[in-house]
Amino acid sequence: MTERLSKERATTRTNENIFQLCTERCAMKPLFIVIVFSILQMMSGSFIVIFYAVDIIADFGADVDTKSAAIWTAVVRMLCSLTFCVILLFVRRRRILTISSIGSGLSCLILSIYMYARLGLPKSNTDALVAAGCLFAYIAFNTAIMVLPGIMIGELFPARIRGRTAGGVFAAMNVSLFALTKIFPMVQSIIKMRGVFMVFALSSFMVTIFMGLFQPETKGRSLDQIEDYFNENNWLWFKRDKRYKEVALNEKAEKAALRAEVKA
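What the sequence shown shows, in the numbering used here, is residues 154 to 417, in sequence order.
Structure follows, in C-alpha cells:
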C-alpha cells in the first residue's frame, strides 16, 4: 500500500482537475454509491428523529413526558453507537447494512401500520408503549446507517480524490440535511406522522436493495484491493471478479498460518 501511494504521489499533479478525476471508473463508482446511500440515509430519518424527537413523541399523545423521552432516545442512540464501534471490528460491512436497514424498515413499517389502524380512535397509553418500542428499535437498528457514510468515504474513495472529494460530499450532505430538516414540519403536516414513518420504512428497504446490489465488502480488504475492484468493468457486486474474494481468503489463510507459527 505504501508503494502504491508513493507511485500515485509521483504521478499525480497538484493542478489536476478534480472533476476530470471523478469521471474515472475507480472514482465514479464509489461516488455514486456514497451519494445515493447518503440520500437514502436522510430519507430513512436518521437525523430527523434526532432533531424532531420531542415533536415526534408528542404526536403519539397519552401521558408522555416528551423531554424525558427525547433524552432517552439520545441515550439509546449513544449506547447503540458505542456498541456499533465494537461490532464494526468483527462483522462484515454488507451484513451490518442488511441487518440495520431491514430492522429500521420493519420498525417504521410496524409503527406506521399501527398508526393507520388506530386512525380516528382515542389515544391511549398502549399507543405510547407501541410507539416507544418501535421508536427505540428503529434508533438501535438505524445507528449503523447513520454513521456508515463517513466510514464508506474513507474506505471506498481512491487516494487521488479522497481528500478533496470527501469535503465536497460532506458539505453537500450537510446542506441537503439542513434543507430536509427545514421542510420536515411542512411534510409532516401534509402526510401526517404515519405517512412520515412509512417513508422512513420504504427508504430503509431501498437501502437494503441498493447496497445489496452495489456495495462491495470492504472488511478484510486493503485500500488498493478496493480500488482495484472499482477499476473492474462491473457495477454490481454479484458480477464482481471472483479473484476479489479469493485474495481476501488467501490473506486470511496466511494470517492464520502466521499465528499458528507464532504459537508453535
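Glycine is no exception: its CB is placed at the ideal position from the N, C-alpha and C atoms. Predicted, not measured: the structure shown is a model, and the values here were computed from it.
Q. What did DSSP end up calling residue 220 once you bin it into helix, strand or coil?
A. Helix, per DSSP.
Q) Can you name the start and end residues of the alpha helix (DSSP H) that residue 208 belongs to? A) Segment 206-211, the alpha helix (DSSP H) holding residue 208.
Q) Can you tell me where the alpha helix (DSSP H) with residue 301 in it begins and where it stops? A) 278-309
Q. For residue 348, which of 234, 261, 233 has the nearest alpha-carbon?
A. 261
(Q) Excluding the 5 residues flanking residue 319 on each side, which residues of the same chain have their C-beta closer than 7 Å to its C-beta? (A) 306, 310
Q: May I ask you to verify whether the stretch 248-255 touches the stretch 279-290, counting CB pairs closer than 8 Å and requiring at least 3?
A: no
Q) Just how far apart, CA to CA, sit residue 406 and residue 351? A) Confidence at residue 406 is low in this model, with a pLDDT of 48, below 50, so the placement of that residue is unreliable and no value is reported for it.
Q.
Measuring alpha carbon to alpha carbon, tell me which residue in 337, 199, 281 is nearest residue 210.
A. 281
Q) By the 10 Å Cβ neighbour count, where 16 or more other Cβ atoms means buried, how is residue 268 classified, buried or exposed? A) It is buried - the Cβ of residue 268 has at least 16 other Cβ atoms within 10 Å.
Q | Cβ pair residue 364, residue 247 closer than 9 Å | A | yes
Q) What's the C-alpha gap between residue 371 and residue 197? A) 23 Å
Q: May I have the straight-line CA-CA distance separating residue 344 from residue 312, to the nearest angstrom?
A: 43 Å
**Q.** Where residue 389 falls: helix, strand or coil (DSSP)
**A.** In this structure, residue 389 counts as coil in the three-state DSSP scheme.
(Q) Suppose you measure from the CA of residue 386 to the CA of residue 172; what does that come to, to the nearest Å? (A) 21 Å
Q. Smallest Cα separation from residue 205: which of 181, 340, 182, 325?
A. 340
Q) What residues in its chain sit with their C-beta under 6 Å from that of residue 164, if we drop five residues either side in the sequence? A) Residue placement at residue 164 cannot be trusted, given a pLDDT of 48 that sits under 50; what the coordinates show is reported in the next sentence. Cβ within range, chain order: n/a, list empty.
**Q.** Residue environment, residue 295, which counts as buried when at least 16 other CB atoms sit within 10 Å
**A.** Counting Cβ neighbours within 10 Å, residue 295 comes out buried, since at least 16 surround it.
**Q.** Nearest to residue 429 (by Cα), restricted to the options 241, 256, 230
**A.** Outside the shown range of the chain (154 to 417) lies residue 429, about which nothing can therefore be said.
Q.
Can you look up residue 377 in the DSSP assignment and give me helix, strand or coil?
A. helix
Q | Residue interval of the alpha helix (DSSP H) (run including residue 194) | A | 178-196
Q) So, helix, strand or coil for residue 253, using DSSP? A) helix
Q) Buried or exposed: where does residue 238 fall if 16 or more other Cβ atoms within 10 Å of its Cβ makes it buried? A) exposed
(Q) Here's the rule: buried if 16 or more other CB atoms are within 10 angstroms of the residue's CB, otherwise exposed. What is residue 314? (A) When all chains shown are included, residue 314 counts as buried.
Q: Find out if the Cβ-Cβ distance for the pair residue 355, residue 200 is shorter than 9 Å.
A: no
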